[in-house]
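Enquirer: Sequential numbering from 0 applies to the sequence shown in numbering that gives the first Met the number 0.
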Amino acid sequence: MTAPAAAAQGSASLAIAGLTKYYGATVALRDVSLEVRSGEIHALLGENGAGKSTLVKILNGIVVPDAGTILVGGAPFRAASPAAAQRAGVATAFQELSLLPNLSVATNLMLPRLVKGFAGLASPAANERAARAILREFGAAEIDPNATAGELSLGERQRIEIVRALSREPRLLLLDEPTAALADPAWLFAAIRRLAAGGTAVLYITHRLAEVRALCARATILRNGANVGTVDLASTGDAEIFRMIAGGSLAGRANGALPAHRAASAPALEARGLSGTSLSEIGFTLHRGEILGVAALEGQGQRELFAILGGSARAAGGTVTANGDELRHATPAAALRDGIGVLPEERKTEAIFPGLRTSANISLPILARLRRFGLIDSSRERRTVDAEATAVDLPPRYLGMDVTALSGGNQQKALVARVLLSGARTLVLYDPTRGVDVATKQVIYEVVRRFVRDEGSVLLYSTELAELVELADRCLVMYRGRIVAEVAGDALSETHLIALATGHAVNGETPREEAPPPAPRRAFAWNGTAVAFAIYLVLLAFFAAREPHALSAAAVNDLFDNALPLALAAAGGALVVLTRNFDLSVAGVVALTNVLMATALPDGPRGALLGLLLASAVGLGVGAVNGVLVAFAGLQSVASTLATMTICSGAALLILDAPGGTVPSAIGDLITGNAAGYVPAAALVALAVALGWIALRRTDWGVGLYAVGADEYAASLAGIDARRTKMLAFCLAGVLYGWAGYALSGVTTTGDPNAGNVYLILTYAAIAVGGVSFRGGRGGVIGAMIGAATLSLLQKVLFSAGVVSFYTGIAQGVAMIVAVLIGTLSERAPSRRAR
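Given below as C-alpha cells:
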C-alpha cells in the first residue's frame, strides 16, 4: 500500500465519535471523540488504565466497540482483525512488542506480505534484500536482517517493531510508547516527521511530555475512559496537562528530590572485577540506604550486569559480595535467598504469570511463609497482599483479576509489590518505569524512596536520565562494557550523564577508551533434523556391523516399509505441534483407516485407488472437525482430539471387533514394491512428502505455522490469520494420518481395530526425537519423519542385539527424553544471548 498524497491542512484522516466500550461493569471507553488531521502528529495522553490501550486495540481490529463511529480517510472503519486494519491503511508499533521471536528480522519485517519468487513461494534472498533496504531507509542498517528476533536486545526489537510500522506507509500510524526502550529516539522523530509531511496521520501515545512538545501541536487527554479535552500544546502549560491527566495536582505524591549525596554507610552489595561476554572488570559498592544509579546507552553491558546480579546469568570472572559474604547464586531464586530482589526488564515475557490472579502474581515469593498444615492460608495471603497493594497504590479490585487484564502501569505496580513482599533488602531494578504514566512513576519513586529510608539499598538502571538525576545519590556511567565514571552531587545532571555515556569529554574528563569486550560466543545451534539424521546413521552403521545383509536391497526396502506409516503419522503430528497444539486423533484415524482398508474395498488396482481416496477423506474429515473445535470454537486441543480419537476408535471396533479382514493386494504392492525395479516405493512416498513440506514451508501458511506457534497473539498483530492457519494444520495432519493408516494396511495386509494404539505414543516420540519443540514454532516435518525412521531402526537394532522386546519401549522413551532435554537447553540459549 502506498502512502496517500498529502491532504489539505485541516482535513481529518482519523475521526472518532462517541466511541464506547464496556468490559462487564468496567468502563474502558465512554463516549470518546477524537480527530487527527492528515499530516498531523497528534498526542494521546492519560494515565495507565485511562483507555488508551483499548482505543489502540479497537483501531487494530482486536476489540469490537459497543458504540460509536470511526472514519479513516473519510471512509467508515470497523476492522474485524489486525489484517483487516492493515488493509485499511492502519499500522501500529505496539508497546508490548509483537515480533515473532523464532523468525528472522527480515521475515518479521515483511509479514504478512512476504516477497515471492519462483512458483509463488517466499524467496529468502528477496526478503532479505527488501528488509535490508527498509532497515537502511529508517536508520537501522546495523541490525542484521538474518538475525533471529529473539536474539536481539529489547532496544533492537523495539526499533524493528517501529520500523515495521513505518515501512507499511500507512494513512494512519499508531505509535504506543515507541521510545520506552530507545536510548536515542532522534532517528524515530525524523522518520515520523517525514511520514507526516507525506500526509500520514500519526497518533502518538506516550507518557513523556518532552517528546510530545517536540513532535506535536495538539494533544487529546483521556481519564477513566473519557475524553477530558483536546489542547493546543503551545498555549497549555505542563501543570494544566498534569491536572487534566490525573484529575488534580500531582504535587504531594512525591516527597521531593533526595539530598544530593547520602552519607556513606555499610556496604550492602559489592562487585569486584566482574566480567562476561559484554563486561570487563566491573567494580562498585552499593551502600545501605542508598540509591545507586546506572546510566548507559543501549548495548553497553548494563543488561548483562543486572542479569548477573539477579542470578539469570553467570559471570565469567570476578566476585559479588553482600554484607561481607561472597555470593555464588546461579538462579533468581538463589539471588532472592541472598537478599537480592529483581525487577526484570520485560513485564510480558520475564515477570508476569498470565492466567494467574494479580494477588497470586504478587504472593509467589512468599508462598512458603503462607502455608498452614501444608496448604496456602488464603485469608493470610489476602491480608498480606492487600497491605502491599495499598503501599504501591494498586486498587483492591484488581487483585482478583487475571494479571493480563490490568494496564501496563498496574501490572508494574503489582511487580513492585511482589519484589517488596519478597523481603529482599537490596533491589536490582531495570528500567522500572518503562511505559508507565506520570502518576504511576511518582508512586514507584515514592516506593523506592521509602525503601531506602528503611535502610534498604537500590541499584537502578533507567533509560530516562532525568529519572536517575531525580532519584540517585550517585550514578555510575557505563560505556563499552566498563564503568567509565561515577557522578554525584552537583555534577549529577542529564547533560553530564549523556556526554559521559556517549564517550565524550566533559569538563576535562575523558572516559577511558579501551578495547571493547570480545564478541559473545555463539551457543551451540540445535538442528533437530541434522541430529536425528546423525543418530539414524550411527544406528544404521551398528546394524550393518551386526547383520551381514543389513544393506541389501531387500533389507533396505524392509526398513522403509516399516518406517513409512509412523513417518507419515509423525509428519502430520508435527504440523499441529508447530502451532503449539496436540492432536491425539492420530491413533483413531490410523485404526479406522486400517479397518476400512480391510473391509470396504474391492480387490485390484481400483481398490487401491479407492482406498487412497477413502483414507484421505477420513483423515480430512476428522482433521476438519478437530480444526473447527480448536481453531474456531476455542476448545483445548488435547481434550478435543482425545474425543475424536475415541470416536474413531469406537467406529473401528464397530466395523471390525477383532483382527481380520483382507487388504487388497494392490495396496501392498503399491506400498512395499519397488519403482524401476530397485527404488523402494516407500522411500518415494517419504521423499514426496518431504519435498511437499519444503515447498509449503515457503508459503504464507508455512511461515504462519511458525509464527502462530511462537506467539499466536503477536502473529495476529502481524496480519496472520491464526485460526485459518491452525485449521489447515489440523486438516493436513488428518490427511497424513489417513495415509499412515493406508501405508500400515499395505504392510500388514490385514485389519486390526487396535492397530492405532501404539501410534499415540510413538508419533510424539518421533516428533521429539526429530527436534520439533512441543512449545511450538520450532522444528519441521522432515525432522519428525527422520525421528520416526530412527525409532523404527532402533527397534530393529535392539532385536538384532537380542534385547527382549519389553525393553524396546524403554529405549524409545529414553531417546525421547534425551531429545526433548537437548532441544529445551538449546531453546534457552537464544534468550540467554539476548539478555
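Using N, Cα and C, we set each Cβ at its ideal position, and we do this for glycine too.
From a predicted model like this one, the values you see are computed outputs, not experimental measurements.
Apart from the five residues on each side of it in sequence, which residues of its chain come closer than 7 Å, Cβ to Cβ, to R417?
Expert: Taken in chain order, the residues that qualify are N360, I361, L363 and P364.
Enquirer: Using the rule of at least 16 other Cβ atoms within 10 Å of the residue's Cβ for burial, across every protein chain shown, is H548 buried or exposed?
Expert: Per the 10 Å Cβ criterion, exposed.
Enquirer: If distances are taken between C-alpha atoms only, which option among A788, P177, T749 and N145 comes closest to G434?
Expert: Per the Cα distances, P177.
Enquirer: In the stretch 294 to 330, which residue ranges form an unbroken beta strand (DSSP E) of at least 3 residues, counting only runs that do not cross its ends?
Expert: Whole beta strand (DSSP E) segments, 3+ residues: 316 to 321 and 324 to 326.
Enquirer: Distance, Cα to Cα, R368 vs V319?
Expert: Their Cα atoms are separated by approximately 28 Å.
Enquirer: Using the DSSP secondary-structure output, state which residues sit across from F283 in a beta bridge.
Expert: Paired residues: A270.
Enquirer: Would you check if the distance between the CB atom of A130 and the CB atom of P144 is smaller than 7 Å?
Expert: In contact: A130 and P144 (Cβ atoms closer than 7 Å).
Enquirer: So, at 6 Å on beta carbons, what are the nonlocal neighbours of I57 in its own chain, with the 5 sequence-adjacent residues on each side left out?
Expert: The answer, listed in chain order, is P64.
Enquirer: Let me check understanding here. Comparing Cα to Cα, which of G769, T383, D401 and H41 lies closest to L173?
Expert: It is H41.
Enquirer: Grab the span of the alpha helix (DSSP H) containing L727 for me, first residue to last.
Expert: Element bounds for L727: A721 to T747.
Enquirer: Using 10 angstroms around the beta-carbon of E454, count the other beta-carbons present and answer buried if the total reaches 16, otherwise exposed.
Expert: That one is exposed.
Enquirer: Find out if the Cβ-Cβ distance for the pair A209, V201 is shorter than 7 Å.
Expert: No, Cβ-Cβ distance for A209 and V201 is not below 7 Å.
Enquirer: At 3 residues or longer, and completely inside the stretch 424 to 512: list those beta strand (DSSP E) runs for me, N to C.
Expert: With a minimum length of 3 residues, the continuous beta strand (DSSP E) runs that stay inside the stretch 424 to 512 are 425 to 429, 456 to 460, 473 to 478 and 481 to 487.
Enquirer: Go through its chain and collect everything with a Cβ distance to A314's Cβ below 6 Å, but skip five positions before and after it.
Expert: Around A314: L273, G275 and I307.
Enquirer: Is the stretch 464 to 476 touching the stretch 290 to 304 in the sense that three or more CB pairs, one from each, lie closer than 8 Å?
Expert: A contact exists between the stretch 290 to 304 and the stretch 464 to 476.
Enquirer: Where L335 and S97 are concerned, what is the direct C-alpha to C-alpha distance, given to the nearest angstrom?
Expert: The straight-line gap from Cα to Cα measures roughly 31 Å.
Enquirer: Could you please give the first and the last residue of the uninterrupted beta strand (DSSP E) stretch that includes V71?
Expert: Unbroken beta strand (DSSP E) run through V71: A66 to V71.
Enquirer: In chain order, what residues of the same chain lie with their CB nearer than 7 Å to the CB of L634, ignoring the 5 residues before and after it?
Expert: L628, listed in sequence order.
Enquirer: Check for me: the beta strand (DSSP E) holding E34 runs from which residue to which?
Expert: T25 to R36 is the span of the beta strand (DSSP E), which, as asked, contains E34.
Enquirer: Among residues of its own chain, excluding the 5 on either side of F541, which ones have a beta-carbon nearer than 8 Å to its beta-carbon?
Expert: For F541, where only same-chain residues beyond five positions count, the Cβ hits under 8 Å are V796.
Enquirer: Compute the Euclidean distance between the alpha carbons of V62 and A14, then round it to the nearest angstrom.
Expert: Rounded to whole angstroms, V62 to A14 spans 18 Å at the Cα level.
Enquirer: Could you tell me which uninterrupted alpha helix (DSSP H) segments, each at least 4 residues in length, are contained entirely in the stretch 620 to 697, listed from first to last along the chain?
Expert: Runs of the alpha helix (DSSP H) inside the stretch 620 to 697: 636 to 654, 664 to 671 and 680 to 696.
Enquirer: Return the CA-CA distance between L171 and T53, expressed in angstroms with no decimal places.
Expert: Each residue's alpha carbon lies about 17 Å from the other.
Enquirer: According to DSSP, is I339 helix, strand or coil?
Expert: If DSSP states are grouped into helix, strand and coil, I339 belongs with the strands.
Enquirer: Taking C-beta to C-beta, are G745 and I670 nearer than 7 Å?
Expert: Contact flag set, yes.
Enquirer: If we count the other Cβ atoms within 10 Å of its Cβ and call it buried at 16 or more, is L326 buried or exposed?
Expert: It is buried - the Cβ of L326 has at least 16 other Cβ atoms within 10 Å.
Enquirer: L539 to F798, Cα distance in whole Å?
Expert: One C-alpha to the other measures close to 13 Å.
Enquirer: Can you tell me which of the three DSSP states G228 falls into?
Expert: Note: G228 maps to strand in three-state DSSP.
Enquirer: Looking only at its chain, what residues have a beta carbon closer than 8 Å to the beta carbon of F631, apart from the 5 residues adjacent to it on each side?
Expert: Counting only Cβ-Cβ distances below 8 Å, and skipping sequence neighbours, we find R722 and M726.
Enquirer: Would DSSP call R192 helix, strand or coil?
Expert: R192: helix per DSSP, three-state reduction.
Enquirer: Are A713 and L99 close, meaning C-beta to C-beta below 7 Å?
Expert: Yes, Cβ-Cβ distance for A713 and L99 is below 7 Å.
Enquirer: Would V684 and T578 be called neighbours here (beta carbons separated by less than 7 Å)?
Expert: Contact flag unset, no.
Enquirer: Tell me which residues share the same chain as R545 and place their Cβ nearer than 6 Å to its Cβ, disregarding the 5 neighbours each side in the sequence.
Expert: Excluding residues within five positions, the ones whose Cβ falls inside 6 Å are S799.
Enquirer: Indicate the three-state DSSP secondary structure (helix, strand or coil) for V768 in the structure shown.
Expert: Of the three classes helix, strand and coil, the one that applies to V768 here is helix, per DSSP.
Enquirer: Quick one: grab the DSSP three-state call for T789.
Expert: Reduced to three states, the DSSP call for T789 is helix.
Enquirer: Quick one: what's got a C-beta closer than 8 Å to A616's C-beta in the same chain, skipping five residues either side?
Expert: Hits under 8 Å: G737.
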